[in-house]
Amino acid sequence: MKPTVDKQINRRELFEGGLLLGVAAFIAGCAGTRQGTLPDPVWPTNKPIRPATPVATTTRPAQPTDYYGLPSGVLPRSQWTNQGIIKGRLTDNGSDGKMGKVLRITIHHDAIDSSGVSTKGDAIHRLNQVRNGHVNRRNEPFADIGYHFIIDPAGRIWEGRSLTLQGAHVKGQNENNLGVMVMGHFDRQRPTAAAVQSLDQFVASQMHRYGIPLSRVKTHQEMAPTECPGRNLQRYMLATRARGGNLARA
Numbered sequence: 091m092k093p094t095v096d097k098q099i100n101r102r103e104l105f106e107g108g109l110l111l112g113v114a115a116f117i118a119g120c121a122g123t124r125q126g127t128l129p130d131p132v133w134p135t136n137k138p139i140r141p142a143t144p145v146a147t148t149t150r151p152a153q154p155t156d157y158y159g160l161p162s163g164v165l166p167r168s169q170w171t172n173q174g175i176i177k178g179r180l181t182d183n184g185s186d187g188k189m190g191k192v193l194r195i196t197i198h199h200d201a202i203d204s205s206g207v208s209t210k211g212d213a214i215h216r217l218n219q220v221r222n223g224h225v226n227r228r229n230e231p232f233a234d235i236g237y238h239f240i241i242d243p244a245g246r247i248w249e250g251r252s253l254t255l256q257g258a259h260v261k262g263q264n265e266n267n268l269g270v271m272v273m274g275h276f277d278r279q280r281p282t283a284a285a286v287q288s289l290d291q292f293v294a295s296q297m298h299r300y301g302i303p304l305s306r307v308k309t310h311q312e313m314a315p316t317e318c319p320g321r322n323l324q325r326y327m328l329a330t331r332a333r334g335g336n337l338a339r340a
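Here this note's numbering is used: the first residue of the sequence shown is 91, the next is one more, and so on.
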């Protein structure tokens, strides 16, 4: 297949027609369904993605004393939604839906092109788009957005589902599992430098906060049969966790 250039998606198109397509792409991208008709990326992907600028320990966000407290610098949920949790949908594999101790971290993408997401308003629109897709799933609708934290292309970090509760991001493996999503479709595009820098810094800070070893920082496809988080973010995660990588040195 010859590479094609994805058209920029403006906000009106997202509202009028792209919502359903975006939600469908998200569900397929993070649920493990293969997308054989996707175009190839418009840039070469045979070169390894180099890790972002090394993470300085002095820039690690200050951590709250509360075990589940919102980390410094994370935009609170109240900035993008006033919708609550649908509590009747919280159980997972017979559990009570509570997070318990945070023992591992899993990285995802939302499988929706993020080339049109730049401002805070764009990011808020995307967050609501993803949440609506989750709570309105035809089969097994979620109680809320499935991820605990979301990183947009500008590197902003947003609070998703409360960390007091299990997420809905790795089926059957949500207990004690902190879910982080990076906005974008990383089979089609590369994560931005700002996004991966925030990802490295944030994940490193949560590893230190909860005493999580590098071996328990995984991507979705390393835990389940799925293409999430897309080949380009997967390649980056391999590099940053490898010897000499940012997370390996965190």
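In this text, a Cβ means the ideal position worked out from N, Cα and C, and glycines have one as well.
- [ ] Rounded to whole angstroms, what's the CA-CA distance from LYS191 to ASN267? Just pull it up for me.
- [x] 9 Å
- [ ] Excluding the 5 residues preceding and the 5 following HIS224 in the sequence, name in chain order all residues of the same chain whose CB lies nearer than 8 Å to its CB.
- [x] Counting only residues of its own chain and dropping the five nearest sequence neighbours on each side, HIS224 has a CB closer than 8 Å to the CB of PRO231, PHE232, ASP234, ILE235, GLY236 and ALA258.
Task: Ordered list of alpha helix (DSSP H) runs contained in the region 280-326, each at least 4 residues - done: 283-300
Task: Three-pair Cβ contact test at 8 Å for the region 276-286 versus the region 165-177 - done: Because the criterion of three Cβ pairs below 8 Å is not met, the region 276-286 and the region 165-177 do not touch.
TODO: Taking HIS198 as part of the beta strand (DSSP E), name the residues at either end of that continuous run.
DONE: Taken as a continuous stretch (DSSP letters only), the beta strand (DSSP E) holding HIS198 covers 194-199.
Open item on the list: So, at 6 Å on beta carbons, what are the nonlocal neighbours of ILE241 in its own chain, with the 5 sequence-adjacent residues on each side left out?
Closed with: ILE247, VAL272, ALA285, SER288 and LEU289
- [ ] Note the first and the last residue of the continuous beta strand (DSSP E) segment covering LEU255.
- [x] Element bounds for LEU255: n/a, residue is neither H nor E.
Task: Beta-bridge partners of LYS188, as assigned by DSSP - done: LEU255
TODO: Report the partner residues of ILE235 according to the DSSP bridge assignment.
DONE: Answer is none; ILE235 lacks a bridge partner.
Open item on the list: Please classify ARG216 as buried or exposed, where buried requires at least 16 neighbouring CB atoms within 10 angstroms.
Closed with: Buried.
Open item on the list: Going by beta-carbon coordinates alone, are GLY335 and HIS199 separated by less than 8 Å?
Closed with: no
- [ ] In angstroms with no decimal places, state the Cα-to-Cα distance between LEU304 and ASN222.
- [x] When rounded, the distance between both Cα atoms is 32 Å.
Open item on the list: Since THR196 and HIS310 should fall inside the 8 Å C-beta cutoff, what is the C-beta to C-beta distance between them, to a whole number of angstroms?
Closed with: 6 Å
Task: Test item: CB-CB of LEU323 and THR330 under 8 Å - done: no
Open item on the list: As a quick exercise: from HIS238, GLY206 and VAL220, pick the residue whose alpha carbon is nearest that of GLN256.
Closed with: HIS238
- [ ] Return the first residue and the last residue of the alpha helix (DSSP H) that ASN222 is part of.
- [x] If you look at ASN222, you'll find it in the alpha helix (DSSP H) that goes 210-225.
- [ ] Can you have a look at PRO243 and say buried or exposed, based on whether 16 or more other CB atoms are within 10 angstroms of its CB?
- [x] buried
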